[in-house]
Structures are given as C-alpha cells and as structure tokens.
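Residue numbers (this note's numbering): 680 to 870. C-beta atoms are modelled at their ideal positions from N, C-alpha and C, and glycine is treated no differently. Here the structure is laid out as structure tokens; the discussion comes afterwards.
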C-alpha cells in the first residue's frame, strides 16, 4: 500500500507543531522559572526577617505589589484549567469563530494531590474544516490567556461536499499552578 503525503500539508503541520512548542518554551517555561525565583526570594527574605533584619521587611514591603500583580496573572491564566465548563465554552467559541465543525470536545480534569503545584486538565478536540481554518484555530488557541501544552496533533485530509478539508484531532493539557503559601499570604485573604 502506497501513501502519498502532500508536502504542503506536511510543512503546515510541522510549522503549526513547531509554533505551539515554541510558544510553550517562550511563554510558559520562563514564567514558571520566575515563579520559582520569586518563591526562593520570599523564603530567603523570610529567614532574614525571622533573624530580626529590618532590611528584609523593607524589601518584602517594596516587592509585595509586584508579587501580587504577578500572582494575579498566574492565577488568571490558570482559571480555564479549574473551570471545565468555561474551558469547554472557550474551545467551542474558538472553533465556531473559525467556522469549524466540532465533532468532539472532551475535557477531563486530573485531580492532583493537595501538595502538587500543578493541576492538569486533559482536553481532546476533534474538529473539521479547511486547512487554513484549522491553522487559524491553532493560532487562536495559542493566543488565549491560558497555560496550554500541546500533547498530540493529527490532521487527516478529507473531502466535504467536493471541497478539500481535513479532520484535526488535538490532545492538549490546560495547566493551573497552585501558588506557594508564602505568595498566597502576601496576596491576602481576598483571593
């Protein structure tokens, strides 16, 4: 059995997957590292405060508003992973906004242990449409304010009413980060 692969399709798939992976490396990983650095700084400053250093108290007071703002951003970008109904609605809206036929969207929350810092919601999406609309959907998915990590992508060409189209099966994880207790304490009890 001989299978011919359209070079343009293969290049589009490679570009889309590369863009998604590049987006993860450029956008999400640096923020996780910043969060760890902030946590380390808090622990260091906390030890100085407990040793009676007033400099540590001043540094925490100066840094608290920045930490509060960053923590709010991390919390907001993790919201879709904590709200499966909202996540479903977001995916449906993106698909409909790109004129794609939705065959299936299935979010599955993976409850982690209380001491884990990352919770994951696995989402499997099957949509149908033109290659251009599928690429637009992936681009729009990359632009939503959430931590989304692509797991798998499969695009299968098909004909719909004589028009060239494709079916895309996408598996991804939507992440939410539990903020350290020290950060939560600085943010206050309103969050």
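Nearest residue (CA-CA) to residue i, options the options
i, options, result
"residue 831", "695, 776, 685", "695"
"residue 773", "836, 861, 824, 688", "824"
"residue 753", "770, 815, 710, 686", "710"
"residue 702", "796, 688, 821, 785", "821"
"residue 785", "747, 720, 851, 846", "851"
"residue 800", "864, 761, 836", "761"
"residue 716", "817, 746, 864", "746"
"residue 864", "743, 817, 846", "743"
Cβ neighbours of residue i in the same chain (closer than 6 Å, five flanking residues each side left out)
i, result
"residue 660", "Nothing about residue 660 can be reported from this structure: the residues present for the chain run from 680 to 870 only."
"residue 787", "801"
"residue 739", "724"
"residue 803", "785, 850"
"residue 699", "829"
"residue 857", "796"
"residue 778", "812"
"residue 859", "718"
Residue i at chain B interface by Cβ criterion, 8 Å
i, result
"residue 745", "In summary, chain B is missing from the structure at hand, where a single protein chain is found."
Beta-carbon gap between residue i and residue j smaller than 8 Å
i, j, result
"residue 759", "residue 839", "no"
"residue 763", "residue 855", "no"
"residue 844", "residue 808", "yes"
"residue 826", "residue 756", "yes"
"residue 834", "residue 692", "yes"
"residue 677", "residue 862", "Residue 677 lies beyond the stretch modelled for the chain, which goes from 680 to 870, so this question has no answer here."
"residue 768", "residue 819", "no"
"residue 706", "residue 836", "no"
Residue i CB to nearest heavy atom of the ligand HEM below 7 Å
i, result
"residue 694", "As presented, the structure is devoid of all ligands, the ligand HEM included, so that no description of it is given."
Cβ shell of residue i (< 8 Å), same chain only, five flanking positions each side left out
i, result
"residue 765", "758, 759"
"residue 842", "809"
"residue 722", "861"
"residue 685", "836"
7 Å Cβ shell around residue i - same chain, five flanking residues per side excluded
i, result
"residue 814", "691, 695"
"residue 770", "784, 802, 804"
For a minimum of 3 consecutive residues, which ranges assigned as the beta strand (DSSP E) are wholly contained in the segment 795-861?
Inside the segment 795-861, DSSP marks whole beta strand (DSSP E) runs of 3 or more residues at positions 797-808, 826-839, 842-856, from first to last along the chain.
Which ranges would you report for the alpha helix (DSSP H) in the segment 712-763 if only whole runs of at least 4 residues count?
733-761
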